[in-house]
Amino acid sequence: MLSLALRPLRQFAQALLANDSPRQVAWGFTLGMMIGLVPKGNLTAIVLGMILLGLRTNKPVGLVGICLFTYLGLFVDGFAHSLGSAVLVWEPIRGFHETLFAAAISPLLGWNNTVVVGQLLIGLYLAYPTYWLMHRFAVKVQRPLSTWLLRYKAVRWLRGAEVGTQWGMEG
Amino acid sequence: MGDGRLIPNSWKIIRWKYVAPRLLIFVALMASARFGLDPLLHYLIVSTGQSATGAKVELAAAETSLRAGRLELRGLQVANPDSLLRNLVEAERAELLIDMNALFHNRLVIRNGEISGLEFDTERSESGELEILVEETVGPSALDPLVAQASEWAGDWLEQAGDRLDSDFADQLQTPQVAEDLEQRWKQQGAMLRARTDELKARGQQLETEFREAKKNPLRGIERIPALQAQLKTVQQELISLQLEIKNLPEQVKTDRNSLNVARKADEAFIREQLKFGRLDGDNLTQVMLGQPVAKNLQSACDWLAWARNRLPTNSTKQIAKQRSRGTTVNFAFAQPKLHIERLGLTLTAPVAGTQTHFTGSLTNVSDQPRLLAEPARLELIARGEIPVTLEVISDRRTDTPREELFLACSAIPLAGQTVGNQDKLAMRMSPGTANFRVELVLTGEKIAGSIAFLQPNCQIAPLANSSSNPTLITALTQALGNIDQLSAEVQLAGTLKRPEFKIESQLGQQLADGISNAVLDLASKKSEAMLAEVSAKMNERLTQLETTKNTLQQELLAKLGENQKLVEGLAAIGGSDERLSVPQLGSLGSGLLRK
Numbered sequence: 000m001l002s003l004a005l006r007p008l009r010q011f012a013q014a015l016l017a018n019d020s021p022r023q024v025a026w027g028f029t030l031g032m033m034i035g036l037v038p039k040g041n042l043t044a045i046v047l048g049m050i051l052l053g054l055r056t057n058k059p060v061g062l063v064g065i066c067l068f069t070y071l072g073l074f075v076d077g078f079a080h081s082l083g084s085a086v087l088v089w090e091p092i093r094g095f096h097e098t099l100f101a102a103a104i105s106p107l108l109g110w111n112n113t114v115v116v117g118q119l120l121i122g123l124y125l126a127y128p129t130y131w132l133m134h135r136f137a138v139k140v141q142r143p144l145s146t147w148l149l150r151y152k153a154v155r156w157l158r159g160a161e162v163g164t165q166w167g168m169e170g
Numbered sequence: 000m001g002d003g004r005l006i007p008n009s010w011k012i013i014r015w016k017y018v019a020p021r022l023l024i025f026v027a028l029m030a031s032a033r034f035g036l037d038p039l040l041h042y043l044i045v046s047t048g049q050s051a052t053g054a055k056v057e058l059a060a061a062e063t064s065l066r067a068g069r070l071e072l073r074g075l076q077v078a079n080p081d082s083l084l085r086n087l088v089e090a091e092r093a094e095l096l097i098d099m100n101a102l103f104h105n106r107l108v109i110r111n112g113e114i115s116g117l118e119f120d121t122e123r124s125e126s127g128e129l130e131i132l133v134e135e136t137v138g139p140s141a142l143d144p145l146v147a148q149a150s151e152w153a154g155d156w157l158e159q160a161g162d163r164l165d166s167d168f169a170d171q172l173q174t175p176q177v178a179e180d181l182e183q184r185w186k187q188q189g190a191m192l193r194a195r196t197d198e199l200k201a202r203g204q205q206l207e208t209e210f211r212e213a214k215k216n217p218l219r220g221i222e223r224i225p226a227l228q229a230q231l232k233t234v235q236q237e238l239i240s241l242q243l244e245i246k247n248l249p250e251q252v253k254t255d256r257n258s259l260n261v262a263r264k265a266d267e268a269f270i271r272e273q274l275k276f277g278r279l280d281g282d283n284l285t286q287v288m289l290g291q292p293v294a295k296n297l298q299s300a301c302d303w304l305a306w307a308r309n310r311l312p313t314n315s316t317k318q319i320a321k322q323r324s325r326g327t328t329v330n331f332a333f334a335q336p337k338l339h340i341e342r343l344g345l346t347l348t349a350p351v352a353g354t355q356t357h358f359t360g361s362l363t364n365v366s367d368q369p370r371l372l373a374e375p376a377r378l379e380l381i382a383r384g385e386i387p388v389t390l391e392v393i394s395d396r397r398t399d400t401p402r403e404e405l406f407l408a409c410s411a412i413p414l415a416g417q418t419v420g421n422q423d424k425l426a427m428r429m430s431p432g433t434a435n436f437r438v439e440l441v442l443t444g445e446k447i448a449g450s451i452a453f454l455q456p457n458c459q460i461a462p463l464a465n466s467s468s469n470p471t472l473i474t475a476l477t478q479a480l481g482n483i484d485q486l487s488a489e490v491q492l493a494g495t496l497k498r499p500e501f502k503i504e505s506q507l508g509q510q511l512a513d514g515i516s517n518a519v520l521d522l523a524s525k526k527s528e529a530m531l532a533e534v535s536a537k538m539n540e541r542l543t544q545l546e547t548t549k550n551t552l553q554q555e556l557l558a559k560l561g562e563n564q565k566l567v568e569g570l571a572a573i574g575g576s577d578e579r580l581s582v583p584q585l586g587s588l589g590s591g592l593l594r595k
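Going down the list, the sequences are from chains A and B.
Numbering-wise (numbering that gives the first Met the number 0), the first sequence opens with residue 0 and increments by one.
Numbering-wise (numbering that gives the first Met the number 0), the second sequence opens with residue 0 and increments by one.
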């Protein structure tokens with residue numbers, strides 16, 4: 000029970016203590032960014048969430064990304080709406096949209112909503128820069144930060160608990 | 000893990016510890032949906048059906064095939080909450096083909112379907128009671144006053160006619176009374192004249208005796224002579240007076256005859272007034288004869304329509320314009336309703352005039368948002384068999400004013416004999432037969448317009464007699480109604496759903512009114528003539544009797560007066576009187592005048 004309650008803290012400590020690779024951290028943050036931007040309540044957000052949780056990415060950083068970009072995403076809703084509208088009414092791909100709609104794919108994924116499409120496109124556009132920046136950040140910061148944090152007893156204890164959990168020694 | 004990079008191997012990048020349990024849960028959910036959907040659907044259909052009807056709903060089996068989008072229900076029985084040992088509706092099998100793609104659009108679209116073995120009001124082996132139901136008090140129909148008023152009017156007319164035809168006006172006639180009075184008076188007058196004649200004779204005889212005595216001894220009797228002469232004079236005057244009265248008897252008879260004639264004329268006027276009837280109003284009689292069943296059925300149909308309308312979708316625009324909170328949701332197809340039954344084949348059995356009739360047909364374009372459809376909802380049912388029936392109902396709720404059209408045509412409906420009208424006053428028994436029936440009804444908003452046409456050839460109608468019925472009138476009515484060989488009526492409908500109005504146009508009412516009126520007037524005329532003949536006969540009899548009495552009295556009195564005249568003349572000779580009156584002259588007076 001205690002292990003379950005401390006799990007986010009343990010995972011966060013593990014993320015900072017370089018147990019996950021910088022690529023995992025970068026992927027986690029990038030997926031979190033996309034989930035945060037996309038309005039919830041559609042299958043797109045659920046699928047992105049499942050990808051984040053189902054792949055070996057850094058979940059705590061992903062959660063940070065979700066929280067951060069959910070907040071930031073509200074400020075770009077207007078732009079996302081304009082962008083999504085432009086894409087949805089773009090005549091060359093109208094047939095494609097109609098096919099998706101008739102097959103009930105776009106209503107479930109929310110791809111017939113202007114903001115969902117706009118935010119998804121923004122997320123995709125920002126994906127590589129975000130990944131690259133986060134990867135660079137993780138490479139540079141993760142090891143010194145780990146060394147510094149391990150000087151603290153609580154952090155060492157949390158890290159030990161995570162290792163114990165992974166070895167099947169849950170309390 | 001260490002400091003390793005994401006391994007390109009797709010299996011290694013998956014966090015199986017997270018994915019595997021969820022995959023298992025997903026598989027379990029799919030299995031539950033596959034194997035648990037049928038019982039769940041069974042439960043939902045039974046529970047929602049019971050909530051809606053308040054009576055038991057039974058379903059033998061519910062089977063679904065998600066891949067084919069097929070739903071099959073078998074052995075559906077919905078108990079009637081008002082009659083717990085009967086089913087409201089029963090269906091042997093219902094198969095619905097559901098558009099699975101539309102389900103992902105959050106819409107239920109039944110592309111095609113077939114409901115077979117549909118029956119209404121069937122028997123059930125056990126009670127369908129779920130709870131104690133409080134029976135609603137059924138208020139009077141809006142049409143009742145109209146029918147009651149017409150029935151009252153026609154019933155009163157016939158009752159009045161029967162009473163008057165039954166009545167004996169003898170005690171109210173003047174002629175017998177006047178004749179009676181005259182007879183009494185003649186008797187009294189005859190007795191009085193006889194008495195006076197007899198008294199005159201007695202006085203004459205006494206005077207004769209006294210005169211003779213005075214003549215025998217003139218010296219002693221001379222003093223009495225003046226007194227005797229005076230008495231003689233009085234007797235003579237009395238004799239003259241009597242002669243005059245007898246002379247006037249024919250005049251009196253003439254006056255009495257005039258009195259009788261006046262009385263007879265008054266009686267004629269009275270009888271004619273008493274047996275004078277207006278003619279029955281055909282339209283009114285039609286309302287009496289056919290109004291009751293029409294009103295009952297029409298009110299029932301209107302109640303049913305109002306009930307059905309209340310359950311039809313309101314078609315609110317709010318339902319259509321549903322928007323997401325962020326952004327705009329674009330529909331790449333025409334807006335379509337959440338529920339849409341494109342076509343549902345129907346095979347059902349329903350009683351028509353007591354005969355189980357097999358119908359086939361279809362229900363198309365039923366929706367919760369009819370505004371979004373190009374075509375109105377339509378129900379078509381056709382029965383080909385002993386009783387051909389065609390039913391077509393169109394419900395167009397695509398505009399602000401809902402419009403329903405109903406067309407029903409039945410031919411050769413067997414009709415049992417039935418009684419129409421008020422049995423206490425005016426009721427008719429119609430013979431069994433077959434009839435053609437055609438209904439055209441349009442409901443626009445709350446307004447009703449339409450017509451119901453009814454034709455029953457070879458129809459025999461007979462009046463129903465009760466203990467208070469006038470037998471003569473019943474005989475006349477039977478004869479009059481015997482001329483009617485077919486019953487046709489057209490009911491024009493108007494008003495609103497809550498207060499429907501109707502007017503029945505039928506030759507039946509006019510035929511009946513003519514028949515009844517003619518029969519009653521004929522009876523009245525015959526009775527009037529019979530009564531007048533009776534009065535005239537009585538009067539003539541009285542007049543003959545009167546003349547006979549007069550002649551007898553006159554002869555009797557004249558004979559007596561003749562004797563008296565001789566006596567008086569003798570006395571006058573004795574007493575020296577000059578006054579004379581010839582008896583034969585008196586006898587010849589007035590005999591011709593007294594005759595009528």
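Don't be surprised by glycine CBs; every beta carbon is placed ideally from N, CA and C.
Residue i and residue j closer than 8 Å at C-beta
i	j	result
methionine 538 (chain B)	arginine 263 (chain B)	yes
leucine 326 (chain B)	valine 114 (chain A)	Checking the displayed sequence, the identity of residue 326 (chain B) turns out to be glycine instead of leucine. Yes, the Cβ-Cβ distance between glycine 326 (chain B) and valine 114 (chain A) is below 8 Å.
leucine 30 (chain A)	isoleucine 50 (chain A)	yes
asparagine 57 (chain A)	glycine 35 (chain A)	no
threonine 47 (chain B)	leucine 87 (chain B)	no
asparagine 563 (chain B)	glycine 189 (chain B)	no
leucine 40 (chain B)	alanine 67 (chain B)	no
leucine 54 (chain A)	isoleucine 12 (chain B)	yes
proline 462 (chain B)	leucine 442 (chain B)	no
arginine 123 (chain B)	leucine 72 (chain B)	no
glutamate 404 (chain B)	isoleucine 393 (chain B)	yes
leucine 362 (chain B)	leucine 343 (chain B)	yes
Rounded Cβ spacing between residue i and residue j (contact assumed at less than 8 Å)
i	j	result
aspartate 255 (chain B)	leucine 522 (chain B)	The Cβ separation is near 35 Å, so there is no contact.
alanine 382 (chain B)	phenylalanine 406 (chain B)	That pair is no contact at about 14 Å.
glycine 117 (chain A)	phenylalanine 74 (chain A)	In fact, because the Cβ distance is near 13 Å, the residues do not count as touching under 8 Å.
leucine 414 (chain B)	alanine 352 (chain B)	7 Å
proline 336 (chain B)	aspartate 367 (chain B)	6 Å
leucine 556 (chain B)	isoleucine 245 (chain B)	5 Å
Pairwise C-alpha distance: residue j and residue i
i	j	result
threonine 285 (chain B)	isoleucine 503 (chain B)	7 Å
leucine 206 (chain B)	arginine 223 (chain B)	11 Å
methionine 99 (chain B)	alanine 101 (chain A)	12 Å
leucine 58 (chain B)	glutamine 76 (chain B)	6 Å
aspartate 197 (chain B)	arginine 211 (chain B)	21 Å
lysine 565 (chain B)	arginine 271 (chain B)	57 Å
glutamine 23 (chain A)	arginine 106 (chain B)	42 Å
isoleucine 515 (chain B)	glycine 508 (chain B)	10 Å
threonine 297 (chain B)	isoleucine 447 (chain B)	It should be pointed out that residue 297 (chain B) corresponds to leucine in this sequence rather than to threonine. Computed Cα separation, rounded: 11 Å.
glutamine 228 (chain B)	glycine 561 (chain B)	21 Å
arginine 93 (chain A)	proline 128 (chain A)	30 Å
arginine 14 (chain B)	arginine 308 (chain B)	58 Å
leucine 617 (chain B)	aspartate 266 (chain B)	The requested residue 617 (chain B) is not part of the displayed model; chain B covers only 0 to 595.
Residue from the options with nearest C-alpha to residue i
i	options	result
glutamate 250 (chain B)	B:Glu568, B:Ala61, B:Gln553, B:Ala408	B:Gln553
glutamate 489 (chain B)	B:Thr474, B:Gln459, B:Leu440, B:Arg123	B:Leu440
arginine 397 (chain B)	B:Glu379, B:Gly494, B:Val56, B:Arg370	B:Arg370
asparagine 517 (chain B)	B:Ser535, B:Asn482, B:Gln491	B:Asn482
alanine 411 (chain B)	B:Arg428, B:Leu218, B:Thr354	B:Thr354
proline 19 (chain B)	A:Leu62, A:Ser20, A:Leu52, A:Asp19	Reading the sequence as shown, one finds alanine at residue 19 (chain B) and not proline. Answer by Cα proximity: A:Leu52.
Cutoff 8 Å; reference residue i; Cβ partners in own chain excluding five residues on either side
i	result
serine 105 (chain A)	His96, Leu99, Asn111
leucine 598 (chain B)	With chain B running from 0 to 595 in the structure shown, residue 598 (chain B) is simply not present.
Beta-carbon proximity list for residue i, same chain, < 6 Å, skipping 5 on both sides
i	result
alanine 101 (chain B)	Val108
proline 143 (chain A)	none
Neighbourhood of residue i by C-beta, 7 Å cutoff - its chain only, sequence neighbours within 5 removed
i	result
leucine 347 (chain B)	Leu117, Glu118, Phe358
alanine 25 (chain A)	Tyr130, Met133, His134, Ala137
tryptophan 10 (chain B)	none
leucine 70 (chain B)	Thr63, Leu95, Ile97
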